[in-house]
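Report on the structure given below.
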Ligand code: 6PG
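Residue numbers (this note's numbering): 183 to 419.
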């Protein structure tokens, strides 16, 4: 596991954009799972302005690690956010964009997406080239929340989860898909994340209750991109 700490959210997104560019450009094809959240939004804006001519977009295959069960036009849709901040600008072939269908019945949406992953990705457990994750203030990742941490290890590739407060249904990939990723990256910024980041890295407190601590790719390739605010409770050694 590696951790990289930057001065600001903007610098974190900028460093990650470089990381991503190198990986896409040197690959033949690159299958990536995106997440929702505020840091990816900043990243997408940067990619859609400064990287349009720098990335071989035609190599990219885009998926999501989680989606809210809303139509793609909803302001809450992770696909919708990605569309308006990145897909409307970057020349990614449209037939290489595989969204989770949040408008379907959640169980159907989860089953359909599992089929998409089985069809498109290699491996007995479908393996992304890169899984991008965020971490919520409560330690959730993708849409596996602490109160439903058992969903992490549920059989099958995709599950239906529920947001603890709004009860909004979500579709999420499971732990086995996340950990089968050839590479997994966390993008975590802001001081509201500091306590959980500190607990997870220092293995203290209630860290075992946070789904984010279960992210341990079998490839061993896990990188946390953090800003100073999110990293302020790390014991640096
Ligand atoms: C979602 C996300 C979720 C997100 C975290 C962090 O759809 O809600 O995929 O897991 O990554 O909540 O979000 P921020 O980057 O906004 O803190």
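Beta carbons are placed, not taken as given, at the ideal position from N, Cα and C, and that holds for glycine.
- Can you tell me which of the three DSSP states residue 213 falls into? In the structure shown, residue 213 falls within a strand segment according to DSSP collapsed to helix, strand and coil.
- Applying the criterion that 16 or more other CB atoms from any shown protein chain within 10 Å of the CB defines a buried residue, is residue 190 buried or exposed? With a threshold of 16 other beta carbon atoms within 10 Å, residue 190 falls short and is exposed.
- Message: Spatial neighbours of residue 271 within its chain, please: C-beta separation below 6 Å, excluding the five flanking residues on both sides.
- Response: Cβ within range, chain order: 230.
- Query: Secondary structure at residue 240, three-state DSSP: helix, strand or coil?
  - Reply: Residue 240: helix per DSSP, three-state reduction.
- Give, in chain order, every unbroken run of the beta strand (DSSP E) that is at least 3 residues long and sits entirely within the stretch 312-370. Qualifying beta strand (DSSP E) stretches, in chain order: 312-315, 340-344, 351-355 and 366-370.
- Query: Taking the alpha-carbon positions, what's the residue 214 to residue 341 distance?
  - Reply: Roughly 19 Å separates the two Cα atoms.
- Task: Evaluate residue 300 with the Cβ neighbour count: other Cβ atoms within 10 Å of its Cβ, from every protein chain shown; 16 or more gives buried, anything less gives exposed.
- Result: Residue 300 counts as exposed, since fewer than 16 other C-beta atoms from the protein chains shown sit within 10 angstroms of its C-beta.
- Flag residue 302 as yes when its Cβ comes closer than 6 Å to any non-hydrogen atom of the ligand 6PG, and as no otherwise. Residue 302 Cβ: outside cutoff for every heavy atom of the ligand 6PG.
- Query: Based on the DSSP output, what are the partners of residue 184 in its beta bridges?
  - Reply: Beta-bridge analysis with DSSP links residue 184 to 405.
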